[in-house]
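Number of protein chains: 2
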Amino acid sequence: MTAITVLLVDDHLVVRSGLRALLGTQPDFDVVAEAASGEEALEQVDGHSPAVVVMDLAMGAGMDGIEAIRQLRQRNNRQAILVFTTYDSDADIVRAVDAGAMGYLLKDAAPDEIFAAIRGAVQGKSVMSAPVASRLFQQLRNPNEVLTPREAELLSLLTEGLSNRELGQRLFISEATVKTHLAHIYAKLGVETRAAAIATAIRREGMR
Amino acid sequence: MTAITVLLVDDHLVVRSGLRALLGTQPDFDVVAEAASGEEALEQVDGHSPAVVVMDLAMGAGMDGIEAIRQLRQRNNRQAILVFTTYDSDADIVRAVDAGAMGYLLKDAAPDEIFAAIRGAVQGKSVMSAPVASRLFQQLRNPNEVLTPREAELLSLLTEGLSNRELGQRLFISEATVKTHLAHIYAKLGVETRAAAIATAIRREGMR
DNA sequence: GGCAGCATCAGCCAAAAGGCTGAGAGACCA
DNA sequence: TGGTCTCTCAGCCTTTTGGCTGATGCTGCC
Numbered sequence: 010m011t012a013i014t015v016l017l018v019d020d021h022l023v024v025r026s027g028l029r030a031l032l033g034t035q036p037d038f039d040v041v042a043e044a045a046s047g048e049e050a051l052e053q054v055d056g057h058s059p060a061v062v063v064m065d066l067a068m069g070a071g072m073d074g075i076e077a078i079r080q081l082r083q084r085n086n087r088q089a090i091l092v093f094t095t096y097d098s099d100a101d102i103v104r105a106v107d108a109g110a111m112g113y114l115l116k117d118a119a120p121d122e123i124f125a126a127i128r129g130a131v132q133g134k135s136v137m138s139a140p141v142a143s144r145l146f147q148q149l150r151n152p153n154e155v156l157t158p159r160e161a162e163l164l165s166l167l168t169e170g171l172s173n174r175e176l177g178q179r180l181f182i183s184e185a186t187v188k189t190h191l192a193h194i195y196a197k198l199g200v201e202t203r204a205a206a207i208a209t210a211i212r213r214e215g216m217r
Numbered sequence: 010m011t012a013i014t015v016l017l018v019d020d021h022l023v024v025r026s027g028l029r030a031l032l033g034t035q036p037d038f039d040v041v042a043e044a045a046s047g048e049e050a051l052e053q054v055d056g057h058s059p060a061v062v063v064m065d066l067a068m069g070a071g072m073d074g075i076e077a078i079r080q081l082r083q084r085n086n087r088q089a090i091l092v093f094t095t096y097d098s099d100a101d102i103v104r105a106v107d108a109g110a111m112g113y114l115l116k117d118a119a120p121d122e123i124f125a126a127i128r129g130a131v132q133g134k135s136v137m138s139a140p141v142a143s144r145l146f147q148q149l150r151n152p153n154e155v156l157t158p159r160e161a162e163l164l165s166l167l168t169e170g171l172s173n174r175e176l177g178q179r180l181f182i183s184e185a186t187v188k189t190h191l192a193h194i195y196a197k198l199g200v201e202t203r204a205a206a207i208a209t210a211i212r213r214e215g216m217r
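These protein sequence lines map, in sequence, to chains E and S. FYI, in our numbering the residues of the first sequence are 10 to 217. FYI, in our numbering the residues of the second sequence are 10 to 217.
Right under this line is the structure:
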């Protein structure tokens with residue numbers, strides 16, 4: 010049996026080293042290359058054709074992980090792409106899956122979880138960390154908690170620190186309507202104040 | 010010459026593994042323990058008395074890095090504490106230094122930079138990543154815009170969406186005092202509402 | 001045709017936040 | 001000793017926000 014070839018993509022050297030060390034404990038993994046950016050990732054895939062790409066989403070500069078996934082998919086190569094990131098933002102999950110990721114792991118995942126995800130990915134299985142799965146599940150169960158386009162638009166502006174009046178002016182609606190939207194957004198996010206909504210939006214929804 | 014004993018504190022296994030692998034390449038480092046939380050860090054320091062503690066600030070649950078640093082300092086042990094984190098937030102830097110950190114490194118630092126920082130720390134030298142140093146430098150130039158430790162602490166809690174009352178309860182101060190601090194924070198950040206302050210804090214200060 | 005969801009708006013009221021002024025205690029420093 | 005900074009608190013007033021109820025027009029769907 011041949012080893013599973015892996016490409017590590019993360020802008021932090023320590024994370025790459027850590028993953029390399031962890032994967033090195035397993036006989037069936039072979040880390041053939043590393044990349045510190047989206048651009049580098051594309052090059053390394055061309056050079057090494059790894060079976061699995063383990064990729065962080067937040068890259069310091071240049072192309073981010075989502076865009077790198079999208080471009081890898083467009084070349085219709087056969088790599089399985091696993092997202093390996095710190096935050097389980099709803100928005101990031103949706104965007105990564107949409108771009109073509111096979112799995113979604115969080116950085117605090119246990120080693121066995123990581124190993125299983127990589128082995129599963131080469132067999133075409135989707136594997137994700139429990140918190141990620143639970144988020145997706147919850148979204149499917151309660152579509153009521155999904156923001157409407159208009160609400161999402163308003164929430165996005167909200168995270169820029171605008172007042173109700175400013176929101177109304179920006180969106181060409183009355184302040185009353187702004188308040189109605191806000192009440193709905195608060196209910197869906199499970200918060201009671203605009204401050205908490207902003208905090209939740211930026212942290213959980215990945216808006217920034 | 011005896012090796013420099015090191016304790017690694019980070020809630021992510023991969024980061025600890027990565028650091029361990031990196032430091033393992035240097036003959037004068039000896040990673041004697043690891044901890045995944047602030048509480049664990051205190052225990053491990055008691056058990057191993059490392060010369061240097063390399064600590065992340067953001068810990069998943071429980072005591073965060075800042076609080077761990079503060080408690081370590083209160084025991085007047087001799088460990089040099091190095092912050093090793095992802096973001097160079099002004100507020101975090103101020104709070105970490107105030108709590109008693111010897112140095113401040115970013116996770117994308119080069120290995121040599123990390124090695125030098127640890128070796129410097131045991132000799133009582135303060136070492137920090139270039140971006141961190143540049144932020145501190147800029148702060149020295151316009152001291153009016155520098156948040157005091159208390160203000161930074163409050164701003165940090167503010168980004169969690171707390172109300173003035175909750176802030177007061179959390180910090181054991183009156184609501185009046187909270188409002189005073191907020192007014193100062195707004196002036197320093199150049200904003201007029203708490204929403205804008207949160208937005209600015211998370212985006213510009215890197216808080217999350 | 002009716003029903004559900006979405007976006008729009010109004011008015012009323014209570015609570016929260018923000019602007020302003022003033023002030024005391026403790027730390028630090030020249 | 002005096003000045004400055006930080007942290008603490010109070011009162012008063014205006015503005016903003018949030019909760020509630022109710023309503024209209026539009027669209028898509030069964």
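Even for Gly, the Cβ is constructed at its ideal location relative to N, Cα and C. Just so you know, these numbers come straight off a predicted model, no measurement behind them.
Between the alpha carbons of residue 21 of chain S and residue 62 of chain E, how many angstroms are there, rounded? 20 Å
Can you pull the chain E residues whose beta carbon is under 7 Å from the beta carbon of residue 24 of chain S, in chain order? 23, 24 and 27
Mind checking residue 110 of chain S: buried by the 16 CB within 10 Å criterion, or exposed? buried
Strictly under 9 Å for the Cβ-Cβ distance: is residue 188 of chain E near chain S by that measure? no
What span of residues does the beta strand (DSSP E) with residue 14 of chain S cover, start to end? 13-18
Examine chain S for any beta-carbon lying closer than 9 Å to the beta-carbon of residue 156 of chain E, and answer yes or no. no
Identify the contact partners of residue 203 of chain E in chain S, using a Cβ-Cβ distance below 7 Å as the criterion. 204
Just reading off the alpha helix (DSSP H) that residue 55 of chain E is part of, what are its end residues? 47-57
By Cβ distance below 8 Å, which residues in the same chain neighbour residue 106 of chain S in space, the five residues on each side in sequence not counted? 113
Confirm, please, whether the CB-CB distance from residue 35 of chain S to residue 42 of chain S is below 9 Å. no
Beta-carbon neighbours of residue 69 of chain S, restricted to chain E and to distances below 9 Å: 117
Looking at C-alpha atoms only, which residue of S:211, S:100 and S:49 is the closest neighbour of residue 169 of chain S? S:211
Which residues in chain E sit within 8 Å of residue 20 of chain S, going by Cβ to Cβ distance? 117
Could you check which residue in E:155, E:171 and E:123 has the C-alpha nearest to that of residue 32 of chain E? E:123
Give the residues of chain S in contact with residue 106 of chain E, contact being defined as C-beta atoms less than 8 Å apart. Chain S residues near residue 106 of chain E: none, gap ~22 Å exceeds 8 Å.
Identified DSSP bridge partners for residue 93 of chain E: E:114
Residues near residue 93 of chain S in its chain [Cβ-Cβ closer than 7 Å; skip 5 each side]: 63, 64, 65, 114 and 116
Give the interface partners of residue 7 of chain S over in chain E, defined as CB-CB distance under 7 Å, in chain order. Given a span of 10 to 217 for chain S in the structure shown, any question on residue 7 of chain S remains unanswerable.
Any C-beta of chain E under 9 Å from that of residue 169 of chain S: yes
Can we say the region 68-81 of chain E touches the region 43-51 of chain E, given the rule of at least three CB pairs closer than 8 Å? yes
If I'm right that residue 25 of chain E touches residue 17 of chain E with Cβ under 8 Å, what's the distance once you round it to whole angstroms? 5 Å
8 Å CB neighbourhood of residue 129 of chain S in its chain, flanking five on each side removed: 112, 135 and 136
Below-9 Å beta-carbon distance, residue 143 of chain S vs any chain E residue: no
Checking the sheet assignment: what are the DSSP bridge partners for residue 73 of chain S? Paired residue(s): none; residue 73 of chain S is not in a bridge.
Identify every residue that forms a DSSP beta bridge with residue 64 of chain S. S:18 and S:92
Buried or exposed: which applies to residue 133 of chain E, given that a residue is buried once 16 or more other Cβ atoms fall within 10 Å of its Cβ? exposed
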